[in-house]
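Input: a single structure, listed below in structure tokens.
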Amino acid sequence: MNRLVLLALAVSTVAGQSTIPRTLRFDYVHSGSATEEHFAVDSIILEGAWPGPLNRWIDETNLGKYYFQVFDRATNRLLYSRGFASIYGEWETTDEAKQQSRAFQESVRFPAPAAPVQVVIKKRGLRNEFREVWSAVIDPADAAIDRSSAPKFNVWAVMQNGSPQDKVDLLLLGDGYTAAEMEKWHRDARRTADLLFAVSPFKEHRLEFNVWAIDTPAEESGVSRPSDGVYRRSPLRASYDAFGSERYVLSFDNRRIREIAAAAPYEFVEIVVNDRKYGGGGIFNLFATVSADNAFTPYVFVHEFGHHFAGLADEYYTSDVSYLSPTERPEPWEPNVTADAHAAKWKDLLSPGIDLPSPWPKADFETMEVEIQKRRREIRAAHRPETEMGALFRQERDRDTKLLSSGTNAGRVGAFEGALYEAKGYYRPQQDCIMFTRDEAGFCAACRRAIERMIRMYAK
231 MNRLVLLALA VSTVAGQSTI PRTLRFDYVH SGSATEEHFA VDSIILEGAW PGPLNRWIDE
291 TNLGKYYFQV FDRATNRLLY SRGFASIYGE WETTDEAKQQ SRAFQESVRF PAPAAPVQVV
351 IKKRGLRNEF REVWSAVIDP ADAAIDRSSA PKFNVWAVMQ NGSPQDKVDL LLLGDGYTAA
411 EMEKWHRDAR RTADLLFAVS PFKEHRLEFN VWAIDTPAEE SGVSRPSDGV YRRSPLRASY
471 DAFGSERYVL SFDNRRIREI AAAAPYEFVE IVVNDRKYGG GGIFNLFATV SADNAFTPYV
531 FVHEFGHHFA GLADEYYTSD VSYLSPTERP EPWEPNVTAD AHAAKWKDLL SPGIDLPSPW
591 PKADFETMEV EIQKRRREIR AAHRPETEMG ALFRQERDRD TKLLSSGTNA GRVGAFEGAL
651 YEAKGYYRPQ QDCIMFTRDE AGFCAACRRA IERMIRMYAK
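Quick look at the structure:
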């Protein structure tokens, strides 16, 4: 049977449901600087069948820098909510935000309402409280809502285990693949999915996922790498060097991504860029990115998808980042880092008798990392071949594995100082984790629990 026919059948039938609502996409502009923040309506689009669960519309995870709610205007009843993070939310912590203002496209999606609703966007404060920063009214009868058909693309199932409403729906989008490279894109898409389901706890929950893909042929092969003098008008506009970080791959063209993605059912999006250079990115409930052909693609993909899917924080602190160090140490919202070693979110998972904070070979690790990071900067500054960076990372991985897989607290759950880009003041659950190093430790206990909670939120 034609794959598009299979897709149509999947979105039109849900056990026990006679009617599936359509999806409403609310596009807006999020702008500001380090000292001010603004929002403005962009457009409202009616998309296809709602791909998410039909009975879990209220988000109780308390994740995300931002949180949006949809209220029925007549009754003030909460209809839908989700936490999320955003490119703007990251950018406002950079030095550039102190120098100038910028604007970014954003979207929230929810089941299309039958009557007018109030969409409220809230932002997390230093005490972890959410405060309203903007709201807008949407009337589903408004003639200005775009009801046109979604653009036509070839949508195909990489892996289908049930209807979209009963499964976690992951959408793979390729960027920088020409029409002549579509066969490569299909191989890369299948390989990417296999990488995810080779790692626990995704491996054990493979049957609770659907994986879809869309073909988006490019005029030129590859994506932009500004620090290398390479520029491409790729279909999704993905680019390295986001916020001045040569390895950080993002697309600032949210509308283009959403217009393409609307052709398929999805809750989560992975953009696979047709490039060999090490890089990727991941933002909670927005998208994740990864380069297709790097030796460390398996690590980068799973690590960045952890950000996007479960709101996991970076646990590393020795690599260069574009974000400014915080002046305060509030409790992070992410489930795998804490500012209080004695009151960690994962305290019920603590290994019996472990000291808090938990000792680990921190000084030895930091001494090794000084050398690695120095060499890493030299390789990039000299534009050396990617094979040299891969060799350096393999050397680092071997050292990390040897150091962190041994010692009194290896494999134990505690509170280990050094996380969230800071050597002091933040703690992670275990000595090692895929959110901390590039070795093969897998996810720590707290990360695994956070991932499984998100799977339960979307899969029946």
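Positions 231 to 690 (my numbering) are the ones given, in order, by the sequence shown. Ideal Cβ positions, reconstructed from N, Cα and C, are used throughout, including at glycine. Quantities reported herein were computed from a predicted structural model and do not represent experimental measurements.
- Message: Tell me whether the region 406-418 and the region 442-456 touch, counting them as touching only if at least three CB pairs, one residue from each stretch, are closer than 8 Å.
- Response: yes
- Query: Between PHE526 and ILE513, what straight-line distance do the alpha-carbon atoms span, to the nearest angstrom?
  - Reply: As a working note, residue 526 is residue 296 in the sequence shown. As a working note, residue 513 is residue 283 in the sequence shown. Distance between the alpha carbons of PHE526 and ILE513: 19 Å.
- Query: Cβ atoms of ALA543 and VAL520: under 8 Å apart, would you say?
  - Reply: The residue labelled residue 520 in the question sits at position 290 within the sequence shown. The residue labelled residue 543 in the question sits at position 313 within the sequence shown. Against a cut-off of 8 Å, the Cβ pair of ALA543 and VAL520 comes out as no contact.
- Query: Out of LEU622, ALA571 and ILE317, which has the shortest C-alpha to C-alpha gap to HIS660?
  - Reply: Here residue 660 corresponds to residue number 430 of the sequence shown, with the count starting at 1. In the sequence as presented, His is not what sits at residue 660; that position holds Gln. That would be ALA571, whose Cα lies nearest to the Cα of GLN660.
- Task: Run through the region 583-633 for me and flag every whole alpha helix (DSSP H) of 4 or more residues, listed as ranges in chain order.
- Result: 592-611
- Please determine if the region 675-683 and the region 427-437 are in contact, where contact requires at least 3 C-beta pairs separated by less than 8 Å. yes
- Item | Opening and closing residue of the beta strand (DSSP E) in which HIS260 lies | Walking along the sequence shown from the start, residue 260 turns up at place 30. Per DSSP, HIS260 belongs to the beta strand (DSSP E) from 252-262.
- Query: When you compare only the Cα positions, how much space is there between SER393 and LYS353?
  - Reply: Here the question's residue 393 lines up with position 163 in the sequence shown. Here the question's residue 353 lines up with position 123 in the sequence shown. Between SER393 and LYS353, the C-alpha separation is close to 33 Å.
- Message: Taking the straight line between their C-alpha atoms, what separation do you get for ALA373 and LEU254?
- Response: On the sequence shown, position 143 is the one that residue 373 refers to. On the sequence shown, position 24 is the one that residue 254 refers to. Taking the straight line joining both Cα atoms gives about 14 Å.
- Environment of ASP418 [buried if 16+ CB atoms lie within 10 Å]: Here residue 418 corresponds to residue number 188 of the sequence shown, with the count starting at 1. With 16 or more Cβ atoms within 10 Å of its Cβ, ASP418 is classed as buried.
- Query: So what's MET389 in DSSP terms, helix, strand or just coil?
  - Reply: The sequence position of residue 389 within the sequence shown is 159, counting from 1. Correct three-state label for MET389: strand.
- Query: Span of the beta strand (DSSP E) holding GLN335?
  - Reply: One-based indexing of the sequence shown puts residue 335 at position 105. That run of the beta strand (DSSP E) goes 332-341.
- Which first and last residues belong to the beta strand (DSSP E) in which GLU500 is found? By one-based count along the sequence shown, residue 500 stands at place 270. Per DSSP, GLU500 belongs to the beta strand (DSSP E) from 498-503.
- Please look up how many angstroms separate the CB atoms of LYS507 and GLU616, rounded, as I've assumed it's under 8 Å. Translated into positions along the sequence shown, residue 507 becomes position 277. Translated into positions along the sequence shown, residue 616 becomes position 386. 6 Å between Cβ atoms; contact.
- Three or more beta-carbon pairs under 8 Å between the region 454-468 and the region 476-486, yes or no? yes
- Alpha carbon to alpha carbon, how far is VAL503 from GLY509? Locating residue 503 in the sequence shown gives position 273, counting from the first residue. Locating residue 509 in the sequence shown gives position 279, counting from the first residue. Cα to Cα, the separation comes out at about 9 Å.
- Sequence-distant residues of the same chain with beta carbon closer than 8 Å to TRP280, five excluded per side: Translated into positions along the sequence shown, residue 280 becomes position 50. Contacts found: ILE250, PRO251, ARG252, THR253, PRO341, ALA342 and GLN395.
- Query: Between ASN358 and PRO565, is the Cβ-Cβ spacing less than 8 Å?
  - Reply: Counting from 1 along the sequence shown, the entry for residue 358 is found at position 128. Counting from 1 along the sequence shown, the entry for residue 565 is found at position 335. Their beta carbons are not under 8 Å apart, which means ASN358 does not touch PRO565 by this criterion.
- Straight-line gap, ALA689 to LEU437 (C-alpha atoms, nearest Å): Stepping through the sequence shown from its first residue, residue 689 is reached at position 459. Stepping through the sequence shown from its first residue, residue 437 is reached at position 207. Looking at the two C-alpha atoms, the distance is approximately 10 Å.
- Query: Can the beta-carbon of TYR310 be found less than 8 Å from the beta-carbon of HIS260?
  - Reply: Residue numbering aside, residue 310 sits at position 80 when the sequence shown is read from its first letter. Residue numbering aside, residue 260 sits at position 30 when the sequence shown is read from its first letter. No, Cβ-Cβ distance for TYR310 and HIS260 is not below 8 Å.
- Query: In whole angstroms, what separates the C-alpha of ILE274 from that of ASP376?
  - Reply: Taking the sequence shown and counting its residues from 1, the one referred to as residue 274 is at position 44. Taking the sequence shown and counting its residues from 1, the one referred to as residue 376 is at position 146. Near 6 Å, if we compare the C-alpha coordinates of ASP376 and ILE274.
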